[in-house]
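In our numbering, the protein residues as written are 841 to 1169.
Here a beta-carbon is modelled for each residue, glycine too, at the ideal position from N, C-alpha and C.
These numbers were taken from a predicted model, which means no experiment stands behind them.
Report on one structure; see the data block that follows.
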Amino acid sequence: MTVDVEIGLSWVPSQTYAMGSDEHYAEEAPSHPVTVDGFWISPTQVTNASFAAFVDATGYVTVAERPLDPADFPGAPPDNLRAGSMVFTGTPGPVDLRHINLWWTWTPGACWRRPDGPHSGLDGLEDHPVVHVAHEDAEAYAAWGSSALPTEAEWEAAARGGLDGARFVWGDQPEPAGEALANYWHGDFPWRAEPGYGTTRPVGSFAPNAYGLYDLAGNVWEWTSDWYATGHAGEPDPKPCCVPRNPRGPDVEASFDARQPQFRIPRKVIKGGSFLCADSYCLRYRPAARRPQMVDTGMSHIGFRVVRRQPAVPESGRAMLPLASPTAP
């Protein structure tokens, strides 16, 4: 059947802004001007409830629910080829932060329905962001709603909310003591989080930016449509005539990890940081921050939001757009 879905989207106006940063991690450089046309974007990360509606309508099976192909993982133990995903597991005490395997565990049975493993579920998590979604899962959801994943440049423009060059989504200064602005790690990483932190939160738990968008800092990382490269290709100071418009990432070949040549799995850019970003370890809950993620790998701190590109309307406020889903099988 054909389903008409009303999805509230917020408008991001066309703009030229400074993308990236020269002051933080190397992969964010160089800072350079880009122009993006106006677009609509979902004000929150896609929730478990919304993803469940998609699965119910289409019968879609996520990558984490499908057994792995041994040919893609030569030498991997058979137990590691069972359907599953990577789950964050807090450590009992302080650990060497150079070894992420101490707090990430391959967990058979973990998927969007069972975010902590086979004995977990979604009760009480309906309004939390969906996680354990691989890139193709996010694309499938977006296509169902006649939308798409944002480019990196679109995502960053949305996150900045008009604060061009600001360090954080709310401005240049870190979160003041006693004022909760985002769901990033508060406490001692990765073993002792302050109450209310160390896991996902319901979407919209913190104040929105000037475009009416929530959780663009922390909660969960978000997929984009761009292939990853170790830095931006833009020139720091291009001529005004040559500012890139609606730029896209590099060719897929640039996205492979040269440090792991045995894994020919391309990587996409993820943005926004997550509940695991700690100032002492991963100061990436910032608009310019970016990381690579293998397209076939979901994790318990990665989700997404969607965009819709169409002719501009008055550049203010928020609109309810009818998005027609495709015919379900």
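Which residues bound the beta strand (DSSP E) around residue i?
i        : result
His-872  : 872 to 876
Trp-946  : 944 to 948
Arg-1000 : Here Arg-1000 belongs to no beta strand (DSSP E); instead the alpha helix (DSSP H) covers 992 to 1000.
Pro-1132 : 1130 to 1134
Val-927  : 924 to 928
Just curious, the alpha helix (DSSP H) that residue i is in, first and last residue?
i        : result
Glu-1062 : Careful: Glu-1062 lies outside any alpha helix (DSSP H), inside the beta strand (DSSP E) at 1061 to 1067.
Thr-898  : 888 to 898
Tyr-857  : Segment 855 to 859 is the beta strand (DSSP E) holding Tyr-857; no alpha helix (DSSP H) there.
Trp-880  : Premise fails: Trp-880 lies in the beta strand (DSSP E), 879 to 881, not in any alpha helix (DSSP H).
Arg-1104 : Arg-1104 -> no alpha helix (DSSP H), and no H or E assigned at all.
Tyr-981  : 975 to 984
CB-CB under 7 Å to residue i, same chain, minus the five flanking residues each way: which ones, in chain order?
i        : result
Arg-1088 : Thr-991, Asp-1066
Ala-1020 : Phe-1046
Ala-1073 : Pro-1090
Phe-928  : Trp-943, Trp-944, Leu-1116, Ser-1140, His-1141
Ala-1050 : Gly-1001, Gly-1002
Glu-867  : Thr-1070, Gly-1071, Arg-1130
Asp-1004 : Tyr-857, Ala-858
Can you check which of these residues, the options, is closest to residue i by C-alpha distance?
i        : options                                : result
Val-1114 : Thr-945, Pro-948, Arg-1041             : At residue 1114 the sequence reads Ser, which differs from the Val that was named. Checked all of Thr-945, Pro-948, Arg-1041; the closest Cα to Ser-1114 is Arg-1041.
Phe-1046 : Thr-1070, Val-1009, Glu-863            : Val-1009
Ala-999  : Thr-1039, Asp-896, Gln-1013, Ala-1128  : Ala-1128
Pro-1090 : Val-1083, Ala-1098, Val-1109           : Val-1109
Gly-1038 : Met-1134, His-1026, Ala-897            : His-1026
Gly-933  : Pro-969, Ser-850, Ala-1033, Gly-1001   : Ala-1033
Val-973  : Ile-881, Asn-941, Ala-1057, Thr-1064   : Thr-1064
Phe-1096 : Gly-1112, Lys-1111, Gln-1133           : Gln-1133
Gln-855  : Asp-1028, Gly-1002, Gln-1150           : Gly-1002
Gly-1058 : Ala-866, Gly-1018, Gly-1011, Arg-1124  : Arg-1124
Arg-1126 : Tyr-865, Val-971, Asp-936              : Tyr-865
Gln-885  : Ala-982, Glu-1062, Arg-1007, Gly-1018  : Glu-1062
Val-895  : Pro-873, His-872, Arg-953              : Arg-953
Pro-969  : Val-1060, Arg-1131, Thr-1137           : Val-1060
His-939  : Gly-1143, His-975, Phe-1029            : Phe-1029
Arg-1149 : Asp-1119, Val-1092, Lys-1111, Ser-986  : Ser-986
Ala-997  : Asp-1119, Ala-1118, Gly-1143, Lys-1111 : Lys-1111
Between residue i and the rest of its own chain, which residues show a CB-CB distance below 6 Å, the 5 nearest in sequence each way excluded?
i        : result
Gly-1157 : Only weak support exists for where Gly-1157 lies, its pLDDT of 42 falling under 50; the value from the coordinates is given anyway. Contacts found: none.
Pro-1154 : Any reading at Pro-1154 must be qualified, since the residue scores a pLDDT of 43, below 50, and its modelled position is unreliable; the value itself is stated next. Excluding positions up to five away in sequence, the list is empty.
Glu-966  : Asn-888, Ala-889
Phe-913  : none
Met-1139 : Met-926
Ala-982  : Ala-988, Leu-989, Val-1146
His-975  : Trp-1063, Lys-1108, Val-1135
Between the alpha carbons of residue i and residue j, how many angstroms are there, rounded?
i        : j        : result
Pro-917  : Thr-945  : 15 Å
Asp-977  : Val-903  : 7 Å
Leu-908  : Arg-1104 : 15 Å
Asp-919  : Val-901  : 21 Å
Trp-1031 : Gly-930  : 5 Å
Phe-875  : Tyr-1121 : According to the sequence provided, residue 875 is Thr. The question's Phe does not apply to it. Going by the C-alpha atoms only, they are around 32 Å apart.
Val-1135 : Pro-853  : 29 Å
Leu-1163 : Pro-1048 : Here Leu-1163 scores only 43 on pLDDT, less than 50, and its place in the model is too uncertain to base an answer on.
Val-1083 : Ala-993  : 13 Å
Asp-1055 : Ser-960  : 24 Å
Pro-910  : Gln-1013 : 48 Å
Asp-877  : Arg-1085 : 8 Å
Ala-950  : Arg-922  : 10 Å
Tyr-857  : Pro-958  : 45 Å
Thr-898  : Pro-955  : 21 Å
Phe-891  : Leu-989  : 15 Å
Leu-937  : Ser-850  : 38 Å
Ser-871  : Asp-963  : 43 Å
Thr-1102 : Asn-1023 : It should be pointed out that residue 1102 corresponds to Gln in this sequence rather than to Thr. Going by the C-alpha atoms only, they are around 35 Å apart.
Gly-1036 : Val-935  : 22 Å
Arg-1107 : Gly-1044 : 28 Å
Gly-915  : Gln-1100 : 14 Å
Gly-1018 : Ala-1098 : 43 Å
Cys-1081 : Trp-995  : 23 Å
Val-971  : Trp-880  : 22 Å
Glu-1015 : Glu-979  : 33 Å
Pro-873  : Trp-984  : 33 Å
Taking DSSP's pairing of strands, which residues face residue i in a bridge?
i        : result
Phe-1008 : Gly-1011
Ile-940  : In the DSSP output, where bridge partners are listed per residue, Ile-940 has none listed.
Asp-1028 : Arg-1032
Ala-988  : Val-1147
Going along the chain, which residues of its own chain have a beta-carbon closer than 8 Å to the beta-carbon of residue i, five neighbours each way excluded?
i        : result
Ala-1094 : Trp-1067, Tyr-1068, Ala-1069
Ala-869  : Gly-860, Ser-861, Asp-862, Gly-1071, His-1072
Gly-924  : Ala-904, Trp-946, Thr-947, Pro-948, Gly-949, Ala-950, Cys-951
Arg-906  : Ala-923
Ala-1006 : Arg-1000, Asp-1012, Pro-1127
Should residue i be counted as a contact of the ligand FAD given a C-beta to heavy atom distance under 7 Å?
i       : result
Pro-918 : With respect to small molecules bound, the structure shown includes none, and the ligand FAD cannot be examined in it.
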